[in-house]
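Here's the structure, in structure tokens; my notes come after.
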Amino acid sequence: MPIQSISISISWIAIVIALVLLLLGRMNRHTSSSKVKAQCVWCLRSLGMVLLLFGVHSLLWNALSAESVVRSGLLLICHAIWYFLAARIVATFLDVHFWHASAEKDGGKRPPPRVIIHIACVLLLLTAAILVIQRVLLVDIPTELVVSSGVLAAVAGFAAKDILSDMVAGLVISIDRPFRRGHWIELDGGETLGKVIDISWRATKVLTWFNTVKEVPNSQVIRQTLNNLSAPEPRYGHWFYIHMPAEVSISLTRRVLLQACLDCDDVLEDPSPVVRIWDMEHRPYKYMVYVYFENYETYFKCKSNVLTSINHALAEEGIAVAAKALDVDYYTYEHERAPVLEYSNKQLMQKVKIFQLLDESQREELLDEMEVLHFDDGDVILDEGDANDALYILASGRVRVVRKFEDGSEHLIERMSPGNYFGVMSLLTSEPSQDRYIAGGECQVLQFKQSALDHIFQEHPELMKEVADFLAKQKFQRMAVLGSLTQSDKQSGEKSLSRYGREILASIQSAFSPRK
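Just so we're aligned, residue 4 is where the sequence shown starts under this note's numbering, counting upward by one.
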């Protein structure tokens, strides 16, 4: 009797400990994000369920009479539960240590393959059920039943071959992962085009542009040519063609189209837009415009906006998009071709804000002092540590400003647009450039050497104030990006900006004051 009492006490202790462990596991379940925490929760819950079943089993064994039919039935149920509990523990072990672990290796971007998890769970449950039948219920499975079951399985498999094919294909998709939920995909050259909203055992559901759901069997998905419009990254590259008059020079057309793309907010600057001449065999000429959008889902909106920007830019330049029909022109030796339109250096100068303050004759004086530089995407215009003796003004395109820090890392601190100046501070202080200036696509830069600046600023001192104000804003913005603004600068704002402007103006006046 004392031994039986001790056994019952141990059973109750095991049940209490089990409930505490299960409660701890439940409390930490929703806060367990890392692999280690998930494993700890698995240990708590698994140990809790084992102790709970052990306590109940031991309590039934010791508390009820050995001759009780209820006791025998409950113990039989407990024996069966042991097998299913073991299957559950193994299934959760695989879930924590393999499925979610493999997902974490991919940065958490790829969720565990549901099809594989479900198949593993079904196999474990079937194994537990067979063991319960054979070892708990003591029922032998006859050979005839196995054979007949095999025949029935073959017949059922043939009848359900399409469903099984879809399930196997779903397993392949889960392992290979050519796409995932939220990706935009295209099948059969556009017959199926839409956003993946669900991937089940049997089919993949796609939300089309018409706001309808198209369900494609998985067996068809793996047999068709798949174009994933959201991989390997969301950024979507697209090109289109524009026909332009042959009378407008190729370089001018490319610059106008490129600038129009850069001026469109929906076009990404990295990778930078590309404009190429595509066909010169016929008139009008054919140009290819290649741009990147944020993702495919914004494609229609972005393309409409970039075409609108191109139309606006061409209208400002007085250039009309040519009709697609071919123009056939006949030339003889007595007739000359129509003149090819191109920007002159004078027109480039007129596009820069500071030179708009000058009259025609004054701009003419500066033409001989100006040099037009052309750069392609990625070219370094002015490198960090370079000595500088010139002022650079961006006429068209974009320029990226990159600064290297003490730890060796490089950070983009500014993207310059047409009309921006650079190189002035290193010119004024005679110190090497602190930043690297890189062409973000094709661009044109106006260069004025030190000797030219002496003449410009002495003859036109009003330009000093314009340059100083711009450089003050540039300095303030860069300090804000780099986090080097003082608290007083942040609070004063316009006052600090005005102070920077006066300091820079004084430096310019000192550097370019008339020499006696």
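Backbone N, C-alpha and C define an ideal beta-carbon position, used for all residues, glycine too.
Can you find the residues in the same chain that come closer than 6 Å, C-beta to C-beta, to residue i, ignoring five residues on each side of it along the sequence?
i: D330; result: At D330 the pLDDT is 48, less than 50, meaning the model places this residue with poor confidence; the figure from the coordinates comes in the next sentence. R286, listed in sequence order.
i: D332; result: Here D332 scores only 46 on pLDDT, less than 50, and its place in the model is too uncertain to base an answer on.
i: L27; result: L47
i: M352; result: F358 and R366
i: D392; result: Q453
i: R523; result: This structure gives no information on residue 523, because the portion of the chain shown stretches from 4 to 519.
i: A172; result: N221, S222 and I225
i: L431; result: S510 and A514
i: T335; result: The predicted position of T335 is uncertain, since its pLDDT is 40 and thus under 50; a value taken from the coordinates is nonetheless stated next. There are no such residues.
Which whole-angstrom value is the C-beta distance of residue i and residue j, which I expect to be below 8 Å?
i: M271; j: R238; result: Per the sequence shown, residue 271 should be read as Leu rather than Met. Yes, they are in contact, since the Cβ atoms of L271 and R238 sit about 6 Å apart, within 8 Å.
i: V448; j: I396; result: 7 Å
i: G540; j: L77; result: Beyond the ends of the chain as shown, which are 4 and 519, falls residue 540; an answer cannot be given.
i: M428; j: L474; result: 7 Å
i: N231; j: F182; result: 5 Å
i: G444; j: D382; result: Between D382 and G444 the Cβ distance is about 10 Å, and since that is not below 8 Å, they are no contact.
i: A442; j: V402; result: 6 Å
i: W187; j: Y290; result: Between Y290 and W187 the Cβ distance is about 27 Å, and since that is not below 8 Å, they are no contact.
Return the residue from the list the options that minimises the CA-CA distance to residue i.
i: H121; options: D389, N391, A94 and G426; result: A94
i: I92; options: W64, A131 and Y288; result: A131
i: A90; options: V135, L79 and W64; result: V135
i: I511; options: T489, R366 and D472; result: D472
i: G422; options: H377, V470, G443 and A206; result: V470
i: E218; options: K498, V199 and E236; result: V199
i: Q437; options: E445, E320 and F425; result: F425
i: E194; options: G185, L229 and V175; result: L229
i: S433; options: F408, D389 and S412; result: D389
i: I84; options: L54, N65 and L97; result: L54
i: L1; options: G411, I13 and Q461; result: No answer is possible for residue 1: the residues shown for the chain start at 4 and end at 519.
i: E413; options: W45, Y440 and I253; result: Y440
i: L97; options: A123, L466 and H82; result: A123
i: D273; options: K304, M283 and G240; result: G240
i: L485; options: W45, R406 and L126; result: R406
i: A398; options: E387, M373, S495 and I11; result: M373
i: G321; options: L385, G381 and E250; result: E250
i: L370; options: D382, L456 and A442; result: L456
i: C81; options: C43, R138, K304 and L126; result: R138
i: G400; options: V259, E363 and Y302; result: V259
i: F243; options: E189, G197 and F303; result: F303
i: F460; options: D386, S495, L361 and Y503; result: L361
i: Q480; options: G185, L466 and Y503; result: Y503
i: Q477; options: L79, C43, L500 and I384; result: L500
i: S233; options: L261, Q262, I280 and G185; result: G185
i: Q262; options: H315, L466, K498 and I280; result: H315
i: I9; options: L22, N65, S49 and I280; result: N65
Using a Cβ-Cβ cutoff of less than 7 Å, which residues in the same chain neighbour residue i once the five nearest sequence positions on both sides are dropped?
i: P464; result: none
i: S324; result: Reading off the sequence shown, one finds Val at residue 324, where the question assumed Ser. Excluding sequence neighbours, V324 sits near I245, H246, M247 and L317.
i: S307; result: none
i: K468; result: L508
i: H377; result: Q447
i: M170; result: W204 and R205
i: I176; result: I202, N221, V224 and I225
i: L488; result: M482
i: L394; result: Y424, G426, V427, L430, F451 and L456
i: S168; result: S222
For residue i, I'd like the list of residues in its chain whose CB is within less than 8 Å of its CB, leaving aside the five on either flank, ordered along the chain.
i: H338; result: Because H338 sits at a pLDDT of 39, beneath the cut-off of 50, its placement in the model cannot be relied upon, and the point is left open.
i: C264; result: V270, P276, V278, V292, V294, V309, S312 and I313
i: D191; result: Q227 and T228
i: L128; result: F87 and A90
i: D165; result: P220 and S222
i: E462; result: Q365 and E368
i: V216; result: I200, K208, V209 and L210
i: F408; result: H414
Are the C-beta atoms of residue i and some chain B residue less than 7 Å apart?
i: D191; result: No chain B appears in this structure, which consists of one protein chain only.
- Can you list, in chain order, the stretches of the beta strand (DSSP E) that have 3 or more residues and sit fully within the stretch 365 to 409? You should have 373 to 378, 383 to 385, 393 to 399 and 402 to 407.
- Item | Length at least 3, wholly inside the stretch 276 to 334: the beta strand (DSSP E) runs in chain order | List check, beta strand (DSSP E) in window: 277 to 282 and 288 to 296.
- Query: Can at least three beta-carbon pairs, one atom from the stretch 9 to 23 and one from the stretch 52 to 62, be found at a separation below 8 Å?
  - Reply: The stretch 9 to 23 is in contact with the stretch 52 to 62.
- Taking one C-beta from the stretch 258 to 270 and one from the stretch 206 to 225 each time, how about it: are there three or more such pairs within less than 8 Å? With the cut-off at 8 Å, the stretch 258 to 270 and the stretch 206 to 225 do not touch.
- Give, in chain order, every unbroken run of the alpha helix (DSSP H) that is at least 4 residues long and sits entirely within the stretch 218 to 245. Counting whole runs of 4 or more residues, the stretch 218 to 245 contains the alpha helix (DSSP H) stretches 221 to 226.
- Hey, which unbroken runs of the beta strand (DSSP E) at 3 residues or more fall wholly within the stretch 435 to 460? As far as the stretch 435 to 460 is concerned, its whole beta strand (DSSP E) runs of at least 3 residues are 439 to 442 and 446 to 452.
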